[in-house]
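Take a look at the structure set out below.
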Amino acid sequence: MRRNIVFLALCQALGMSISSMLLSSAGLVGESLASDPKWATLPLSAQFLFTMFATFPASMLMQRKGRRFGFIFACIVMMLSGAGAALAIYSGYFYGFVASTMGMGVAIGFFQYFRFAAIDVAPAKYASRAVSWVLAGGLLAAFIGPNLAALTRAVDAAHPFMITMLCAIPLCLVMMFIVWRMDLPLPTAEEMSGQQRPLGIIVRQPVFIVAVVSAMIAYSVMTLLMTATPLAMKAHGFGFGQTAFIIQWHLVGMFAPSFFSGALMNRVGVLPVMLLGVIAYLVVVLVNLQIPSMASYWVALVLLGIGWNFLFIGATTLLHEAWRPAEKGRVQGINDTVVFSMSSVAAMSSGLLQASIGWKATNLVSLPVSALAGGLIIYLMLQRRRSAVVSA
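When the count follows my numbering, it moves up by one through the sequence shown with no breaks and lands on 582 for the last residue.
Right, dumping it as structure tokens:
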């Protein structure tokens, strides 16, 4: 099990490195290629959109063909898209670059399932620990992706970021080698053709509702406040270097707790740790309502990362209780489609909210959303406590 988890964590690091590399460069490439600056973010928006579109088909494909097939397919798509993006930059073809980021988005949609592959290879009692260790790979990606973009940006001064796009190819080749060496189980007969409940019954389960809504809120609140922070810091007179420092520490807050959050869930339970994540989100708002300073931004963004880690890993672990083997593909696909749809909405609305109602009001918008997650978690905790009393 440990060997597979380490390999999955490395794949997570490589996949997220490509994603963060694209995040760091796509807007600048779009600005240089687009005939109108207002279309500069279209390539990145296309990537987010096609990540969302790909999540459900990716889950169903891997339900039929297995994780190894799905991840290798995604690597091939990413390599072709990276080559296409480089060619588009070389030729100055904006819409070719947009089409390439669509392909990259599809591949990233497949890469989201490394955390679910961890559940496949780990005993049920170690599910939360396995998920947390795989997501810890994001800590490496937080440094590899942006730095790789910075180092390769001007290798060809006439075509900035062309070499950056080509970096997706060696990263994916390494990922394919690792995936090939992993002991990933093939779909069982029960997963392929076992009994499935009607979708209405599945989605009405309290554990399904709490897991999906918590994951959705974890990602959307984090995305909303993270993407609004640079705008707020600029409005409050802080420089780009200070903003980059805060965002980097936010990424550390997101992934560093993975080294212990899974073990903490095994010790005290998944739901209490998820509730701690909600409390962290509420404290973030209280901090952001204070007079802006580097210290307040640092505390808020680190806490935002920790809250995301506790909520998202907990929700992923909890979702494991909502499916039967033959339902796994549908349940995971629905979950990730909902999560990444709402995070895309949050990313697109953060700038609008910041510009129209201001930083403090934007933070206040997240309060009832976070409180909803907390209320659902407490409800499930109480329901399980009552069930335990009745059983006793």
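Backbone N, C-alpha and C define an ideal beta-carbon position, used for all residues, glycine too.
Just so you know, these numbers come straight off a predicted model, no measurement behind them.
- For Leu414, the secondary structure class from DSSP, reduced to helix, strand or coil, is helix.
- As the crow flies, the alpha-carbon of Lys228 is around 46 Å from that of Val311.
- Within the same chain, and ignoring the five residues on either side of Gly217 in sequence, the residues whose Cβ sits closer than 7 Å to its Cβ are Ala230, Thr231, Leu234.
- Straight across, the Cα-Cα distance linking Ser383 with Ala516 is about 6 Å.
- Per DSSP, reduced to three states, the secondary structure at Ala405 is helical.
- Trp513 carries a coil assignment under DSSP once its states are collapsed to helix, strand and coil.
- Residue environment analysis places Ile503 among the buried positions, since at least 16 neighbouring C-beta atoms fall within 10 angstroms of its C-beta.
- For Ile547, the three-state secondary structure derived from DSSP is coil.
- A distance below 8 Å separates the beta carbons of Leu338 and Ser207.
- At the C-beta level, Gln544 and Leu415 stay beyond 8 Å of one another.
- Considering only Tyr316, Leu239, Phe304, Phe259, the residue with the shortest C-alpha distance to Ala289 is Leu239.
- In the DSSP assignment, Thr342 falls within the alpha helix (DSSP H) that extends over 327-342.
- About 4 Å separates the beta carbon of Gly564 from that of Val468, a gap short enough to meet the 8 Å contact definition.
- Around Arg319, the same chain offers Gly452, Ala453, Asn456 as residues with beta carbons nearer than 7 Å, after the five sequence neighbours per side are excluded.
- Around the beta carbon of Val579, fewer than 16 other beta carbons lie within 10 angstroms, which makes this residue exposed.
- Taking the Cα positions, Ala358 is about 23 Å away from Ala224.
- Taking C-alpha positions only, Arg192 is separated from Asn553 by approximately 40 Å.
- Pairing Gly293 with Leu325 gives a Cβ-Cβ distance that is not under 8 Å.
- Look at the segment 191-240 and you find these whole runs of alpha helix (DSSP H), each 4 residues long or longer: 192-223.
- A straight line joining the alpha-carbon of Leu441 with that of Ala434 spans about 11 Å.
- CA-to-CA, the gap between Ile298 and Arg394 works out to about 29 Å.
- Nearest in C-alpha terms to Ala307, of all of Met412, Leu566, Phe259, Ala379, is Phe259.
- When secondary structure is reduced to three states using DSSP, Gln302 falls in the coil class, being assigned neither helix nor strand.
- Around the beta carbon of Pro377, 16 or more other beta carbons lie within 10 angstroms, which makes this residue buried.
- Counting other Cβ atoms within 10 Å of its Cβ, Gln253 reaches 16 or more and is therefore classed as buried.
- Counting the other Cβ atoms within 10 Å of the Cβ of Arg305 gives 16 or more, which makes it buried.
- Contact between the segment 527-545 and the segment 486-500 is not established, with fewer than three Cβ pairs separated by less than 8 Å.
- Non-local C-beta neighbours of Ile334 in its own chain, meaning closer than 6 Å and more than five positions away in sequence, comprise Ser207, ordered along the chain.
- Runs of the alpha helix (DSSP H) spanning 4 or more residues and lying entirely within the segment 372-404 occur at 379-383, 389-393, in chain order.
- Cβ-Cβ distances below 7 Å link Asn194 to Val311, Met372, Asp373 in the same chain, with the five nearest sequence neighbours on each side left out; the list follows chain order.
- With respect to Leu356, Gly272 sits close: the two C-beta atoms are nearer than 8 Å.
- For Ala551, the CB contacts under 8 Å within the same chain, skipping 5 residues up- and downstream, are Leu543 in chain order.
- Between the alpha carbons of Gln202 and Phe301 lies a gap of roughly 7 Å.
- Under the three-pair Cβ rule at 8 Å, the segment 272-285 does not count as touching the segment 392-411.
- For Ile266, the enclosing alpha helix (DSSP H) starts and ends at 257-281.
- The Cβ atoms of Trp513 and Trp439 lie no closer than 8 Å to each other.
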